[in-house]
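Numbering (UniProt numbering), first residue to last: 1 to 305.
We put the beta carbon where it would ideally sit given N, CA and C, even for glycine.
Input: a single structure, listed below in structure tokens.
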Amino acid sequence: MSGARLGVVVNPTAGHGRGARRGHQLVEALERRGHEVRDLTGATPEAALGRARQAVVDGLDALVVVGGDGMVHLGVNVVAGTDLPLGVVAAGSGNDIARAGDLPLHDVSASVAALERGLEHGGRQVDAVRTGPPGYEATRWFLAVLSAGFDAAVNARANTYVRPRGTARYVRAVLDELVRFRPYGYRVTLDGEVWEQRSTLVSVANTSSFGGGMRIAPDATWDDGLLDVVIAGPLSRTGLIGLFPRVFPGTHVRHPACTVVRARSVLLEPSHAGPLPPVAYADGERVGPLPLLAEVVPSAVRLLA
Numbered sequence: 001m002s003g004a005r006l007g008v009v010v011n012p013t014a015g016h017g018r019g020a021r022r023g024h025q026l027v028e029a030l031e032r033r034g035h036e037v038r039d040l041t042g043a044t045p046e047a048a049l050g051r052a053r054q055a056v057v058d059g060l061d062a063l064v065v066v067g068g069d070g071m072v073h074l075g076v077n078v079v080a081g082t083d084l085p086l087g088v089v090a091a092g093s094g095n096d097i098a099r100a101g102d103l104p105l106h107d108v109s110a111s112v113a114a115l116e117r118g119l120e121h122g123g124r125q126v127d128a129v130r131t132g133p134p135g136y137e138a139t140r141w142f143l144a145v146l147s148a149g150f151d152a153a154v155n156a157r158a159n160t161y162v163r164p165r166g167t168a169r170y171v172r173a174v175l176d177e178l179v180r181f182r183p184y185g186y187r188v189t190l191d192g193e194v195w196e197q198r199s200t201l202v203s204v205a206n207t208s209s210f211g212g213g214m215r216i217a218p219d220a221t222w223d224d225g226l227l228d229v230v231i232a233g234p235l236s237r238t239g240l241i242g243l244f245p246r247v248f249p250g251t252h253v254r255h256p257a258c259t260v261v262r263a264r265s266v267l268l269e270p271s272h273a274g275p276l277p278p279v280a281y282a283d284g285e286r287v288g289p290l291p292l293l294a295e296v297v298p299s300a301v302r303l304l305a
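Shown next, in the form of structure tokens:
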């Protein structure tokens, strides 16, 4: 295929240093294949985001991110709602979004082939989710899962750990968070229908997994125009310990305390029914405190997959 103009953003710390190596290998491989490559990596995620947005204005055929779900999150917030395709070279610890797209993991040669096939055939349109405080114009986009319960508290704690890697890091965070856990108070509005009570876990899922393969919403797909909202009612610490291992294979959704509801829009608010919920995370990245409105936008991202 003829050479394309590609902007590349690398997370050098992804996968405990693998991101930098994969990024260097990728740029060399793409240039050997005749593509024009513009390195948009910044000293901070904010700097990289600014450089990527300017490069889009200047003209690109695709934006390619190298790293884990956090880098995909950055890329989505550049390309969502535009015609610019997004390429993903998975080099992180979790890589849940790459798994959702059946993309190669930690394999630069296979990733280059996947990128070129996507460029040649147009890629795959997938849903993305727009979120932010209700009534505010400023929004964020995410592709995978927004966590707003115990799962969000675990995410925040896991982000403070250097080791262990992948899912084991989340297991460690779960054990540490259990010490202070009490079910939170929520008011949840799903396509206009209101539900209010104390809950343990609230996840808004566009894809099936988070945390390196934990199947929080096993039936969620990102091309059906719907969100899978997973809610676990008030559980004791003992009950939560019993539920948590079932998240790995996705069988927790059959637990009597769990409910899965599909909706196009979800408003999450704190309630006096229980303690204040933790700060929400999406694609493993901090989004902010409740209230938050999440709305699915069909085919908002063209993925090179």
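Among the options, the one whose alpha carbon lies nearest that of residue i
{"i": "residue 287", "options": "276, 155, 179 and 183", "result": "155"}
{"i": "residue 202", "options": "105, 79 and 277", "result": "277"}
{"i": "residue 126", "options": "227, 240, 292 and 21", "result": "227"}
{"i": "residue 144", "options": "216, 30, 243 and 90", "result": "216"}
{"i": "residue 295", "options": "282, 128, 218 and 236", "result": "128"}
{"i": "residue 35", "options": "205, 41, 56 and 6", "result": "6"}
{"i": "residue 255", "options": "210, 263 and 232", "result": "232"}
{"i": "residue 221", "options": "205, 230, 96 and 198", "result": "205"}
{"i": "residue 229", "options": "214, 235, 268 and 104", "result": "268"}
{"i": "residue 272", "options": "67, 196, 130 and 293", "result": "196"}
{"i": "residue 85", "options": "142, 163, 122 and 46", "result": "122"}
{"i": "residue 150", "options": "302, 52 and 279", "result": "279"}
{"i": "residue 78", "options": "96, 49 and 66", "result": "49"}
{"i": "residue 301", "options": "218, 130, 10 and 114", "result": "130"}
{"i": "residue 65", "options": "39, 260 and 54", "result": "39"}
{"i": "residue 11", "options": "55, 72, 54 and 56", "result": "72"}
{"i": "residue 212", "options": "198, 248 and 181", "result": "248"}
{"i": "residue 183", "options": "176, 175, 198 and 174", "result": "198"}
Reduced DSSP secondary structure (H/G/I, E/B, other) of residue i
{"i": "residue 170", "result": "helix"}
{"i": "residue 175", "result": "helix"}
{"i": "residue 109", "result": "helix"}
{"i": "residue 182", "result": "coil"}
{"i": "residue 345", "result": "Summary: the structure shown does not reach residue 345, with the chain confined to residues 1 through 305, and so no result is reported for it."}
{"i": "residue 68", "result": "coil"}
{"i": "residue 304", "result": "coil"}
{"i": "residue 153", "result": "helix"}
{"i": "residue 98", "result": "helix"}
{"i": "residue 3", "result": "coil"}
{"i": "residue 116", "result": "helix"}
{"i": "residue 74", "result": "helix"}
{"i": "residue 162", "result": "coil"}
Separation of residue j from residue i, as counted between CA atoms
{"i": "residue 257", "j": "residue 200", "result": "9 Å"}
{"i": "residue 250", "j": "residue 58", "result": "44 Å"}
{"i": "residue 98", "j": "residue 117", "result": "16 Å"}
{"i": "residue 172", "j": "residue 159", "result": "11 Å"}
{"i": "residue 192", "j": "residue 27", "result": "47 Å"}
{"i": "residue 119", "j": "residue 88", "result": "12 Å"}
{"i": "residue 41", "j": "residue 289", "result": "29 Å"}
{"i": "residue 179", "j": "residue 138", "result": "35 Å"}
{"i": "residue 124", "j": "residue 236", "result": "42 Å"}
{"i": "residue 194", "j": "residue 8", "result": "43 Å"}
{"i": "residue 103", "j": "residue 90", "result": "8 Å"}
{"i": "residue 80", "j": "residue 135", "result": "20 Å"}
{"i": "residue 210", "j": "residue 157", "result": "15 Å"}
{"i": "residue 70", "j": "residue 283", "result": "6 Å"}
{"i": "residue 29", "j": "residue 37", "result": "10 Å"}
{"i": "residue 94", "j": "residue 274", "result": "32 Å"}
{"i": "residue 61", "j": "residue 20", "result": "23 Å"}
{"i": "residue 161", "j": "residue 82", "result": "35 Å"}
{"i": "residue 52", "j": "residue 3", "result": "20 Å"}
{"i": "residue 75", "j": "residue 47", "result": "13 Å"}
{"i": "residue 218", "j": "residue 224", "result": "14 Å"}
{"i": "residue 245", "j": "residue 32", "result": "46 Å"}
{"i": "residue 44", "j": "residue 281", "result": "19 Å"}
{"i": "residue 260", "j": "residue 67", "result": "31 Å"}
{"i": "residue 113", "j": "residue 266", "result": "37 Å"}
{"i": "residue 299", "j": "residue 101", "result": "14 Å"}
{"i": "residue 92", "j": "residue 105", "result": "9 Å"}
{"i": "residue 317", "j": "residue 297", "result": "Summary: the structure shown does not reach residue 317, with the chain confined to residues 1 through 305, and so no result is reported for it."}
{"i": "residue 153", "j": "residue 115", "result": "35 Å"}
{"i": "residue 304", "j": "residue 292", "result": "29 Å"}
{"i": "residue 164", "j": "residue 25", "result": "26 Å"}
Near the ligand ADP: residue i beta-carbon under 8 Å from a heavy atom
{"i": "residue 67", "result": "This structure does not include the ligand ADP; it has no bound ligands of any sort."}
(message) For the pair the region 180 to 200 and the region 96 to 113, tell me if three or more CB-CB distances fall below 8 Å.
(response) no
**Asked** Which full runs of the alpha helix (DSSP H) of 4+ residues lie inside the region 217 to 290, going along the chain?
**Response** 237 to 243
*Can at least three beta-carbon pairs, one atom from the region 157 to 173 and one from the region 235 to 242, be found at a separation below 8 Å?*
no
Any beta strand (DSSP E) of 3 or more consecutive residues that is wholly inside the region 8 to 64: 36 to 39
### Message
Suppose only complete runs of 3+ residues qualify. What are the beta strand (DSSP E) ranges in the region 181 to 216, listed by chain order?
### Response
184 to 190, 193 to 199 and 201 to 205
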